[in-house]
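Here the structure comes first, spelled out in structure tokens, and everything after it is commentary.
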Amino acid sequence: MVRIKFPSKVTVAALHAYQIFEVPNVEDGDVKPQGIDGIFLVELSKVLAFNFILKQPPDKQWGRKLENGTWNGMIGIVSRGEADLGICLIGINKEREKVVDFSEPYFISDHTKRSYLGTFLKVFGTLFGQSVSEKDLKNRVLQGSWWCFAYLVSSSYSAVLASLMSVPLYNSSPTTVRQLAVAIQNGKFEVISVPGSSVLPDMIQTGDEDLIYIAEMVDKNSWYVTIDKFLDEENFHGNIAHLANRVSLNFRFGKPPLSTKFISQDMFAITRVAVIVSKKFCCKKELNYAIDKMNKAGIYSHISEIEIYKAWFRAVKADLKVHERALSLDDIAGPLIFLMFGYFLSSCAFLVEIMYVRIKLTNIYKFPVTN
């Protein structure tokens with residue numbers, strides 16, 4: 002089998018996105034791209050020993066299909082053969098795979114409820130994996146259960162209360178997809194997205210009425226901002242929500258609860274991020290092999306952690322401009338629920354003890370002990 006040598010020079014399509022892929026400014030003496038994907042491209046070029054030339058799409062879009070059947074943005078550049086590869090946190094979908102190929106995924110944007118549940122069960126099994134003898138099981142089940150429950154309730158109450166007291170309160174805003182859809186219907190909020198991204202098609206494919214409505218309103222009102230200005234501070238004035246990959250928001254504003262902007266925990270799709278590859282490119286197998294090795298070595302994960310830490314550090318140093326407002330019942334609902342639930346269980350335990358003592362005394366008087 003003849004091994005194909007990887008090209009020494011490759012043209013790479015890319016977008017300038019803050020902390021994702023920062024195109025170098027030659028006038029300032031920069032020669033290497035920065036940002037998480039920029040650093041990843043540099044490391045990939047070292048592994049495969051190639052030099053690259055960056056090519057930016059003039060419309061500054063990832064790529065969407067036009068009415069005449071052609072594609073614009075990065076997808077269009079790669080599909081027409083103007084670039085060999087493309088990289089800038091771009092997701093894989095079926096429409097794009099019709100005109101370009103994709104490498105092995107090097108990043109997954111989020112986790113499902115099932116993956117979180119699996120992680121929790123593994124940790125739970127590790128914590129409580131100590132062997133328990135049969136004698137202990139008979140005599141101490143109730144006591145052990147109470148210890149576990151008391152620990153969980155007290156820890157949850159303390160954590161919620163501590164987080165409430167340590168982080169400034171933001172103005173009331175929609176926190177879920179449903180609340181955001183209602184706010185848009187009432188004319189209280191606008192939603193912006195990046196043109197050519199896969200966010201809106203993914204929202205429509207979910208079949209969720211709220212997500213479909215939000216996507217249609219964005220397209221109907223042309224609530225679009227190019228990727229180089231999408232996360233600029235000027236686009237956060239007023240009641241404006243952003244549809245974006247959570248990791249890109251974390252890079253820009255830090256991770257909750259210390260983020261400088263509110264980042265919702267709702268998600269509607271999981272994006273597999275990969276390198277765009279031209280269908281005519283010679284060395285896709287070698288590229289996938291290198292990316293697979295880098296994934297197993299944890300290189301992209303390491304780069305991601307460093308960049309997120311930098312964003313977190315900036316978020317901590319930044320002065321949060323938060324408008325003061327009075328506490329509402331919703332703000333302290335979590336701690337109150339835990340407190341009332343604890344009172345309820347304590348009352349139940351108290352009543353059970355009284356009933357148990359009375360039944361025991363009744364049996365003693367009913368069957369007196371005689372000599």
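Here the sequence shown is numbered in the numbering used here, starting from 2 and rising by one per residue. Don't be surprised by glycine CBs; every beta carbon is placed ideally from N, CA and C.
Would you mind sorting residue i into buried or exposed? The rule is 16 or more other CB atoms within 10 Å of its CB.
i, result
"Tyr344", "exposed"
"Gly70", "exposed"
"Tyr310", "exposed"
"Pro59", "exposed"
"Ile76", "buried"
"Arg359", "exposed"
"Ala334", "exposed"
"Cys284", "buried"
"Leu250", "buried"
"Trp308", "First, the residue type needs correcting, since residue 308 is Glu and not Trp in the sequence shown. Buried: at least 16 other Cβ atoms inside 10 Å."
"Asn73", "buried"
"Arg356", "Position check: residue 356 holds Met in this sequence, whereas Arg was assumed. Flag for Met356 reads exposed."
"Gly126", "Interpretation of Gly126 is limited by its pLDDT of 49, a score under 50 that renders its predicted location unreliable; no figure is taken from the coordinates."
"Gly36", "buried"
"Phe339", "buried"
"Val278", "buried"
"Ser199", "buried"
Return the Cβ separation of residue i and residue j in integer angstroms, given the expectation that the two are a contact with Cβ distance under 8 Å.
i, j, result
"Leu42", "Pro34", "6 Å"
"Gln62", "Pro196", "5 Å"
"Val13", "Ala84", "6 Å"
"Val276", "Phe103", "7 Å"
"Ser260", "Thr176", "Rounded, the Cβ-Cβ distance is 14 Å, inconsistent with contact."
"Phe269", "Leu212", "5 Å"
"Gln57", "Leu86", "About 14 Å separates the two Cβ atoms, so there is no contact after all."
"Val11", "Phe53", "5 Å"
"Met295", "Val48", "7 Å"
Here's a check: name, in chain order, each residue in its chain whose Cβ is nearer than 7 Å to the Cβ of residue i, leaving out the five neighbours to either side.
i, result
"Asp38", "Ile21, Phe22, Ile88, Cys89 and Leu90"
"Tyr19", "Leu232 and Arg253"
"Arg273", "Gly92, Ile93, Pro106 and Ile109"
"Lys189", "Asn240"
"Pro257", "Ile264"
"Ile205", "Ile213 and Ala216"
"Leu67", "Asn73"
"Ser174", "Phe263"
"Ile40", "Ile304"
Under 6 Å Cβ to Cβ from residue i, same chain only, skipping five residues before and after it: list those, please.
i, result
"Arg65", "Gly197"
"Asp293", "Glu105"
"Met2", "At Met2, the pLDDT of 40 sits below 50, so the modelled position is not reliable and the matter cannot be decided from this model."
"Glu98", "none"
Once you ignore the five residues that flank residue i on each side, which residues in its own chain have a CB closer than 8 Å to its CB?
i, result
"Lys281", "Gly82"
"Ala50", "Phe7 and Ser9"
"Ser219", "For clarity, residue 219 is Val in the given sequence; the question names Ser instead. Once the five neighbours on either side are set aside, the close Cβ partners of Val219 are Val192, Ile193, Ser194, Leu201, Tyr225 and Leu244."
"Asp209", "Val178 and Phe269"
"Thr207", "Ile213, Phe269 and Ala270"
"Asn236", "Ile193, Val226, Lys230 and His243"
"Val353", "none"
"Glu306", "none"
Flag residue i as yes when its Cβ comes closer than 6 Å to any non-hydrogen atom of the ligand NAP, and as no otherwise.
i, result
"Glu83", "With respect to the ligand NAP, the structure offers nothing, as it holds no ligand at all."
Beta-carbon of residue i versus every beta-carbon of chain D: anything under 7 Å?
i, result
"Val43", "No chain D is present in this structure, which holds just one protein chain."
With contact counted as at least three CB pairs below 8 Å, one residue from each stretch, are the stretch 293-302 and the stretch 240-247 in contact?
no
Assess contact between the stretch 284-296 and the stretch 87-95, defined as three or more Cβ pairs (one per stretch) separated by less than 8 Å. Is contact present?
no
Kindly confirm or deny that the stretch 183-192 and the stretch 70-86 touch, where touching means at least three C-beta pairs closer than 8 Å.
no
When you compare the stretch 222-237 with the stretch 188-195, are there three or more beta-carbon pairs, one atom per stretch, that lie closer than 8 Å?
yes
Could you tell me which whole alpha helix (DSSP H) segments of length 4 or greater appear in the stretch 66-108?
74-80 and 95-98
Enumerated in chain order, which unbroken segments of the alpha helix (DSSP H) with a length of 4 residues or greater are wholly contained in the stretch 267-304?
285-298
Every unbroken alpha helix (DSSP H) inside the stretch 11-53 [4 residues or more]
37-49
Identify every run of the beta strand (DSSP E) within the stretch 191-223, keeping only runs that are complete inside it and at least 3 residues long; order them along the chain.
191-193
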